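My numbering applies: residue 19 is where the sequence shown begins, and numbers increase by one. Where a beta carbon is used, it is the ideal one built from N, C-alpha and C, also for glycine. Keep in mind it's a predicted model, so treat the numbers as computed, not measured. First comes the structure, then the notes that go with it.
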Amino acid sequence: MKRLQDRVALVTGSSSGIGAAVAKSMAAEGAKVIVNYARSSKGAEAVVEEIKTAGGEAISIQADVSQEDQVKSMFLQTFEAYETIDILVNNAGLQKDAAFVNMTLDQWNTVIGVNLTGQFLCAREAAKEFMRRGVIPEKSCSAGSIICMSSVHEVIPWAGHCNYAASKGGVMLLMKSMAQELAPHKIRVNSIAPGAIKTPINRDAWDTPEAEAELLKLIPYNRVGIPEDIGKAAVWLASDEAEYVQGTTIFVDGGMTLYPGFATGG
Ligand code: NAD
């Protein structure tokens, strides 16, 4: 029996990077996966094909997670295809970086809209379905699992990225408050906080040897993360192996949150 056998998992923003790895890892553990994408279907179709070639099951659904009507439509399409949902991975996210005094309201609203409001909108639809359906003991001991993709920047301030850090700090207390409120319904809510993972979102930080060497100064484990590091953590966190894990953030960051500047005495 695979760890996520027959569970329906919706992974937002999974046409690239961490989301694609989470989608593939969950499918490899038996989940039926919905690969959500915002605009172009190309990346999402490639992920679906890769999952199917490996013997798994997946479909793709378009939706901008910051738009309520599109999120509702995505969940309806999910129920049409698979009747219900068991796992939501709130992964979609973006950056619009600017010095604080130059940051436009549009840059602020776009990042908060996708990274924070998007997580609220998707989690609300998932939680409603988990509560309606309840626990199916043959599938899982929980009624459902929500994983919020946060960041080390839920605790590390980030100059030049106030909108992003605010969104991830917001995700932390959104996650914890949902976890507290939904726990009596046997709904599990947790976050994963990746450190630096090689994906398109941060390509500038690792795609030259000089940039990577600079980045490694922030990572005690001395390796930049890869999307599969997060895929493995997400599978475990969604599975019944993590049944008693509730309202917490799992940092998958090679020690980035360990104040590496103090490693030699500070
Ligand atoms: P990425 O750019 O490859 O993935 C982000 C995905 O979100 C893309 O597929 C994008 O199309 C999608 N997306 C953006 N706006 C959307 C919208 N409105 N609706 C639906 N989908 C949308 O980058 P990634 O690194 O894989 O990022 C995934 C998540 O991990 C993000 O939440 C990001 O903040 C978080 N994260 C990444 C790192 C890292 O080092 N890569 C570190 C910490 C946290």
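Check, Outcome
"Ligand 1 heavy atom lying under 7 Å from the CB of T217", "yes"
"Spatial neighbours of I130 in its chain, beta-carbon cut-off 6 Å, leaving aside the 5 residues before and after", "S185"
"Inter-residue CB distance, C140 and V66 (contact presumed, cutoff 8 Å)", "No, C140 and V66 are not in contact; Cβ-Cβ is about 19 Å, not under 8 Å."
"Nearest neighbour of A56, chosen from I165, S32, A64, I69 [CA to CA]", "S32"
"Given 8 Å, three or more beta-carbon pairs between the segment 234-250 and the segment 195-209", "no"
"Near ligand 1: L112 beta-carbon under 7 Å from a heavy atom", "yes"
"Beta strand (DSSP E) segment containing T267, residue limits", "267-270"
"Residue(s) in a DSSP beta bridge with A211", "F269"
"Limits of the alpha helix (DSSP H) - the one that V17 falls within", "For the chain, the structure presents residues 19 to 284; residue 17 sits outside this window and is missing."
"Boundaries (first-last residue) of the alpha helix (DSSP H) holding E228", "227-234"
"Under 8 Å between C-beta atoms of A49 and R25", "yes"
"Own chain residues within Cβ distance below 7 Å of Q88, not counting five before or after", "A81, D82"
"Residues of its chain near A260, where Cβ-Cβ distance is below 7 Å and the 5 sequence neighbours each way are ignored", "W254"
"Supposed close pair N108, T30 - CB separation, criterion 8 Å", "6 Å"
"Sufficient close CB pairs (3 or more, under 8 Å) joining the segment 112-121 to the segment 64-78", "no"
"One or two residues paired with G162 in a DSSP bridge", "I205"
"CB contact flag (Q95, I105, <8 Å)", "no"
"Own chain residues within Cβ distance below 8 Å of S160, not counting five before or after", "V153, K204, I205, R206, D258, E261"
"Rounded separation between M121 and N181 - CA only", "9 Å"
"Proximity winner among V263, N220, A183, I237, relative to S34 (alpha-carbon distances)", "N220"
"Uninterrupted beta strand (DSSP E) stretches inside the segment 132-189 (no shorter than 3 residues)", "162-167"
"Boundaries (first-last residue) of the beta strand (DSSP E) holding K50", "50-55"
"Boundaries (first-last residue) of the alpha helix (DSSP H) holding Q88", "86-100"
"Ligand 1 heavy atom lying under 7 Å from the CB of I165", "no"
"Local conformation of A117 per DSSP, three classes", "coil"
"Residue closest to L236, alpha-carbon to alpha-carbon, out of A62, I215, A145", "I215"
"Proximal residues to P278 (C-beta, below 8 Å), its chain only, five neighbours per side dropped", "K235, L236, I237, P238"
"Opening and closing residue of the beta strand (DSSP E) in which Q80 lies", "75-80"
"Run of the alpha helix (DSSP H) containing L255, from where it starts to where it stops", "245-256"
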